[in-house]
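**Q**
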Amino acid sequence: MLMLFFFENEVFYSFNLLLTASVYMAMVFVYKTKEYQFVFSVMLVYAVYQLVENTPLYAVDSLVYALVGILYIGFAYAFRNHTFIEKVFRLTSGAVSFLAFIYITYESILIQEQSSSWLLLAAYVVIMVNYLVLSNVTKYVIFTYLAPVFFFVSMAQLWDLTQTGPWFFFLYTAASLLFLYGGIWTKVKWLQVLKDSNLYTSLFVLTGCLYYALYDLQYGYSAIMLLIVSLLSYFVKKSSAHADMKSTAVWVLPSGLVAASAIFYQKLLEWVPAYSEGYSISFHIALTGVLLLGLHYVWEKAEEDDFAMSTFYIAEGTYVAAIMLLLVDDGVDPMVVRPLLLLTGIGMMYLLVRYSRKTYYWSFVSVASLAFYTSLIDPFGIDSFSNVLMYMIFAPVVLIAIGEWGEKKSKGMRPHFYMLGHIVQPFIVLLILLDQLGTEYVHPALLMIPLGVYVFSALKAGRESGTKTMLYAALTTGYLFIVTLSKELGWDEVSYEDAFLASSFLYAVLWFFVSGEWKKRIEWYIIPFSILGLFVVISDVPLEAEGEWLLVIGYTVFNLFFLHQRSWPLVRFVPLILTFGLWEKLRVFWTDMDMTLVLVLSILGLLGSGKLLQKRLFGPGVDADAYTWTALLYIGYLNLYTLWDESVWIRILPVVLLSLWFYLGGKKCSEKFLQNVFYTGAAVSLYGAYLMIAAAYSEYIPDLIIAEVQALPVLIVLAFVRKNIWSASAEMMSYVQFAALLLISGYLVVDAIQSHTIWDAWIIGGLSLASMVAGMQLRIKSYFLVGMGVLIFNIIYQTRPYWGNLPWWVYLLIAGLVLIGIASYNEWQKQRSESEKPVEQKWKKLWKAFKKWQ
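Below, the structure is given as structure tokens:
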């Protein structure tokens, strides 16, 4: 090693390095040290570098550097009996080859300023061969992928030397060949291990080249490359061992043909610019679909069932895409080419149904038929919007007719034509309505055509849902016909609100003549329609004409009649509540007295209707008496008009009617408790009316007895309620009666104190005495106790001027005498036997009898 520093001869350097490397390799075996092998590998590479750079081998340096990797493979073979050494040499071979590739490429491009040479190509080929050998002698996957990568590096170098065609197409061709031979066909033992890596690497290169060609707008080459893709797909299906690749190739082949044709269209325009005028891309794509369909039959004759199936569906999808392009492609000739394409589309879609045996594909046939029918507008010279409407109004008729005719030959066809016809028809009807807004419009009689279609469909529908849908569509169209017809006939005074009335009447006539099954169907429409009509009439009609409001009342009764046919009790609230809007409009034209009279009659009518038509006020379930409950709302509404009236007999009308409402409502309650509550409400309401009358005529009643006139009738009401209504709840009513007596007595006593006259004292005393007498005669505790208490209070209060002015010692003397008397009486009682106590026994008997009172 020291000689390296004494002699400055690079050749000797390389020779000494080789010797030194050999010594290190020998030390591996002498000292059993594996690490010296890495020193050997590094020194050998450095020795080769010194030797090549300083000898005539420099002329072929790239090739020599590439051969170093194979040299290490030779070392690995020489030491094949030593597993570790063999493995390290193989890995070193791979690493050295990759580094050699980097160095010779860098040297070629930057140092020697040349990017291509046959020597460099040979070096790349040697590196590729090196990785090929490593792929076979090792199990490392990376070597299997580096071999095809350096194949493409070599191909790129070859193109750089030959300049044969565009580089992307040259590499695409090389990738195609590697894909076929190296990935599918090869039987060579050394290439078997590279089949998968060749396949995936070539696919990557194919994709990249195709992408670049499309990016660079190379339409001709791109089309050819896609054709090659289809060709490769055929060979994959025939030769590949991968099932998933086979199934993919079946679809890639026709898809590649479609893509090639679509891209070739741009190249074709360069050759034939007139092709875009009249035919355009839509025709081109459609022609591609037809050609693919022809290829489908070729595959069938060749018994290639998989290719036949995929080609057929791709052909159908291509033609569908062409039809969709017609929506945005205005370059297609509208007179001949467009109708021809759509007519052919009908045939294509029919073949789709026949081939797939799937009935839902009839939808495609129906859409193609409608599109063809629409495309005839230009050939027929239909120009104005009204004429187009008159033409298109028959489109649903044609579709349904085709469905009826085709169903006899092809089962499952009819529903799809029906569905499309009924999808299109509402839009046509809407366009007719919009057309009526213009000055030139089609005759509303055209609406009879969709009306007839709906009626026919309702009669032919197999399912109940379909029958109802068509029936309701027909009834709606009938309303629209009535609305538009009035304008055509010059009946400007007939508004859309009146059309609701007329339509409801006609629906009712129809309902009267049809069978029970159809009646039930019509009721589901006529009820919401008429309720909506009632709302519209009340909201929008000014109701200025004489007696016009009676028409609204009749319309309300009309709604209620049909609601009773369906037994929808809760829905009956809707038309009844809507009538409030009617009264709000009429109050502008009517006086308060007119409103009062009509509302009173309405309340009586509602209560009478509820009594006749509904047995219960509410229940069972969600059932309820809409008439009686609405009458309650009417009573509250009536109060707005009677509250400030001068006559008390007008003001008490809501209260009297409320009493009547409680009475009739109580009769409809099944539970006894609720019935008693309602009857009590009726009695209390009558008492309220009595108070209003008493207050109105208070000037005719003496002030001395005004409080008694107002309060004492409560006792009569309580007595009536207790005896006739709450007789089963005597104990509860006793407490209520006692509380009422306390309140009344308190009210009368306070009134007497405020008046502070001797007559008030006599009246209170007389009433309290009468209460005590009544309590004793009727054996009612509350009357007796309250009367006695009020009497005592009255005596004490009235004699206050006498006992209130006595000296204080008199009170003290009286208290002392009372205490002495009580003490003396107790001592006297203790000295007597039980039989000698008649007074005490008499009190016990009285108390026992008192406890039995009410």
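Here the sequence shown is numbered in this note's numbering, starting from 1022 and rising by one per residue.
Every residue, glycine too, gets a C-beta built ideally from N, C-alpha and C.
Only a predicted model underlies this, so the values are computations on that prediction, with no experimental measurement involved.
What does DSSP give as the partner residues of Lys-1639 in its beta bridges?
**A** Against the sequence shown, residue 1639 aligns to sequence position 618. The sequence given here has Phe at residue 1639, not Lys. Ala-1645.
**Q** How big is the Cα-Cα spacing for Ala-1280 and Pro-1447?
**A** The count along the sequence shown starts at 1 and reaches residue 1280 at position 259. The count along the sequence shown starts at 1 and reaches residue 1447 at position 426. Rounded to whole angstroms, Ala-1280 to Pro-1447 spans 39 Å at the Cα level.
**Q** Measure from the alpha carbon of Asn-1219 to the alpha carbon of each residue in Leu-1252, Ile-1284, Tyr-1152, then state which is nearest.
**A** In the sequence shown, residue 1219 corresponds to position 198, counting from 1. A check of alpha carbon separations from Asn-1219 across Leu-1252, Ile-1284, Tyr-1152 identifies Tyr-1152 as the nearest.
**Q** Can you check which of these residues, Pro-1294, Gly-1686, Val-1705, is closest to Gln-1696 by C-alpha distance?
**A** In the sequence shown, residue 1696 corresponds to position 675, counting from 1. Nearest option by C-alpha distance: Gly-1686.
**Q** So for Gly-1299, helix, strand or coil by DSSP?
**A** Taking the sequence shown and counting its residues from 1, one reaches residue 1299 at position 278. Gly-1299 falls in the strand class under three-state DSSP.
**Q** Please list, in chain order, all residues of the same chain as Thr-1505 whose beta carbon is under 6 Å from its beta carbon, the five residues on each side excluded.
**A** Translated into the one-based positions of the sequence shown, residue 1505 becomes position 484. Result list for Thr-1505: Gln-1457, Pro-1465, in chain order.
**Q** Grab me the residues of Phe-1027's own chain with a C-beta within less than 6 Å of its C-beta, minus the 5 sequence neighbours each way, in chain order.
**A** Taking the sequence shown and counting its residues from 1, the one referred to as residue 1027 is at position 6. For Phe-1027, the predicted model reports a pLDDT of 43, less than 50, meaning its position is unreliable; a value from the coordinates is still stated below. So no residue of the chain qualifies.
**Q** Does Pro-1590 pass the burial test, meaning 16 or more other C-beta atoms within 10 Å, or should it be called exposed?
**A** Indexing the sequence shown from 1 puts residue 1590 at position 569. Under this definition Pro-1590 is a buried residue.
**Q** Let's test the definition: count the other Cβ atoms within 10 Å of the Cβ of His-1585 and tell me whether it reaches 16, buried, or not, exposed.
**A** Here residue 1585 is taken as the residue at index 564 of the sequence shown, counted from 1. Looking at its Cβ environment, which holds fewer than 16 other Cβ atoms inside 10 Å, His-1585 is exposed.
**Q** Consult DSSP for Val-1353 and reduce its assignment to one of helix, strand or coil.
**A** For this step, residue 1353 is matched to residue 332 along the sequence shown. Of the three classes helix, strand and coil, the one that applies to Val-1353 here is strand, per DSSP.
**Q** Tell me where the alpha helix (DSSP H) around Tyr-1286 begins and ends.
**A** Stepping through the sequence shown from its first residue, residue 1286 is reached at position 265. Where Tyr-1286 is concerned, the enclosing alpha helix (DSSP H) stretches over 1264-1292.
**Q** Just the C-alpha distance for Ser-1276 and Ile-1163, rounded to the nearest angstrom, thanks.
**A** For the purposes of this step, residue 1276 is identified with residue 255 of the sequence shown, where counting begins at 1. For the purposes of this step, residue 1163 is identified with residue 142 of the sequence shown, where counting begins at 1. Their Cα atoms are separated by approximately 33 Å.
**Q** How is Ile-1598 classed by DSSP in three states: helix, strand or coil?
**A** Residue numbering aside, residue 1598 sits at position 577 when the sequence shown is read from its first letter. In this structure, Ile-1598 counts as helix in the three-state DSSP scheme.
**Q** Throw me the rounded Cβ distance for the Leu-1555 and Asn-1580 pair, which I believe falls under 8 Å.
**A** Your numbering for residue 1555 matches position 534 in the sequence shown. Your numbering for residue 1580 matches position 559 in the sequence shown. Indeed, because the Cβ distance is near 6 Å, the residues count as touching under 8 Å.
**Q** Should Pro-1360 go down as buried or exposed, given a rule of 16 or more other Cβ atoms within 10 Å for buried?
**A** For the purposes of this step, residue 1360 is taken as the residue at position 339 of the sequence shown. It counts as buried.
**Q** Output the boundary residues of the alpha helix (DSSP H) element that contains Pro-1417.
**A** Looking up residue 1417 in the sequence shown gives position 396. Note, Pro-1417: alpha helix (DSSP H), 1416-1428.
**Q** Taking the C-alpha atoms as reference points, what is the distance between Asn-1408 and Ser-1623?
**A** Counting from one through the sequence shown, the residue named residue 1408 turns up at place 387. Counting from one through the sequence shown, the residue named residue 1623 turns up at place 602. Answer to the nearest angstrom: the Cα atoms are 54 Å apart.
**Q** With three or more C-beta pairs closer than 8 Å as the rule, is the region 1465-1483 touching the region 1517-1537?
**A** no
**Q** Taking the C-alpha atoms as reference points, what is the distance between Gly-1631 and Asp-1644?
**A** Mapped onto the sequence shown, residue 1631 falls at position 610. Mapped onto the sequence shown, residue 1644 falls at position 623. Distance between the alpha carbons of Gly-1631 and Asp-1644 is about 13 Å.
**Q** So does the region 1206-1213 actually touch the region 1243-1251, counting three or more Cβ pairs closer than 8 Å?
**A** No, the region 1206-1213 does not touch the region 1243-1251.
**Q** What is the DSSP secondary structure of Ala-1482, reduced to helix, strand or coil?
**A** In the sequence shown, residue 1482 corresponds to position 461, counting from 1. Looking at Ala-1482 - three-state DSSP - the assignment turns out to be coil, as it is neither helix nor strand.
**Q** In its own chain, which residues sit with a C-beta less than 6 Å from the C-beta of Val-1562, not counting the 5 before and 5 after it?
**A** Indexing the sequence shown from 1 puts residue 1562 at position 541. Closer than 6 Å at Cβ, skipping near neighbours: Glu-1518.
**Q** Cβ of His-1437 within 9 Å of Cβ of Val-1386?
**A** Locating residue 1437 in the sequence shown gives position 416, counting from the first residue. Locating residue 1386 in the sequence shown gives position 365, counting from the first residue. Val-1386 is positioned such that its CB atom lies closer than 9 Å to that of His-1437.
**Q** Closest to Leu-1472 by C-alpha separation, out of Val-1463, Gly-1487, Tyr-1493, Leu-1452, would be which residue?
**A** Taking the first residue of the sequence shown as position 1, residue 1472 is located at position 451. Out of Val-1463, Gly-1487, Tyr-1493, Leu-1452, Tyr-1493 has the C-alpha closest to the C-alpha of Leu-1472.
**Q** Where does Arg-1877 sit, in a helix, a strand or coil, going by DSSP?
**A** Missing from the structure shown is residue 1877; the chain here goes from 1022 to 1875 and no further.
**Q** So, under 8 Å CB-CB, Ser-1297 and Gly-1366 are touching, yes? Tell me the CB distance rounded to an integer number of Å.
**A** Taking the first residue of the sequence shown as position 1, residue 1297 is located at position 276. Taking the first residue of the sequence shown as position 1, residue 1366 is located at position 345. Wrong, their Cβ atoms sit about 21 Å apart, outside the cutoff.
**Q** For the alpha helix (DSSP H) containing Glu-1569, name the first residue and the last one.
**A** The count along the sequence shown starts at 1 and reaches residue 1569 at position 548. Its alpha helix (DSSP H) spans residues 1569-1587.
**Q** Mind checking Met-1149: buried by the 16 CB within 10 Å criterion, or exposed?
**A** Mapped onto the sequence shown, residue 1149 falls at position 128. The residue in question, Met-1149, is buried, as its Cβ has 16 or more Cβ neighbours within 10 Å.
**Q** Buried or exposed for Val-1358, please, with buried defined as at least 16 other CB atoms from any protein chain shown within 10 angstroms of its CB.
**A** Locating residue 1358 in the sequence shown gives position 337, counting from the first residue. Buried.
**Q** Within the same chain, show all residues whose beta-carbon is closer than 7 Å to that of Ile-1453, passing over the 5 residues directly before and after it, in chain order.
**A** Counted from its first residue, the sequence shown places residue 1453 at position 432. Result list for Ile-1453: Leu-1410, Val-1463, Leu-1467, Leu-1468, in chain order.
**Q** Considering only residues of the same chain and omitting the five flanking positions on each side of Ala-1195, which have a CB-CB separation below 6 Å?
**A** By one-based count along the sequence shown, residue 1195 stands at place 174. Result list for Ala-1195: Met-1176, in chain order.
**Q** Does Tyr-1052 pass the burial test, meaning 16 or more other C-beta atoms within 10 Å, or should it be called exposed?
**A** Along the sequence shown, read from residue 1 onward, the residue named residue 1052 stands at position 31. Note that Tyr-1052 scores a pLDDT of 49, beneath 50, so its modelled location is shaky and nothing firm can be said.
**Q** Suppose you measure from the CA of Glu-1857 to the CA of Glu-1692; what does that come to, to the nearest Å?
**A** Position 836 of the sequence shown, counted from the first residue, corresponds to residue 1857. Position 671 of the sequence shown, counted from the first residue, corresponds to residue 1692. Summary for Glu-1857: the model assigns pLDDT 48, below 50, so the residue's position carries little reliability, and this model does not support an answer.
**Q** Would Ile-1306 and Ser-1243 be called neighbours here (beta carbons separated by less than 9 Å)?
**A** Taking the first residue of the sequence shown as 1, we reach residue 1306 at position 285. Taking the first residue of the sequence shown as 1, we reach residue 1243 at position 222. With respect to Ser-1243, Ile-1306 sits apart: the two C-beta atoms are not nearer than 9 Å.
**Q** Assuming the contact rule is C-beta atoms closer than 8 Å, Tyr-1394 and Val-1419 should be a hit. Round their C-beta distance to whole Å, please.
**A** Counting from one through the sequence shown, the residue named residue 1394 turns up at place 373. Counting from one through the sequence shown, the residue named residue 1419 turns up at place 398. Sure, about 6 Å apart at Cβ, within 8 Å.
**Q** Helix, strand or coil for Tyr-1052, going by three-state DSSP, please let me know.
**A** Working through the sequence shown from its first residue, we reach residue 1052 at position 31. In this predicted model, Tyr-1052 has a pLDDT of only 49, less than 50, meaning its place in the structure is not dependable enough to derive any value.
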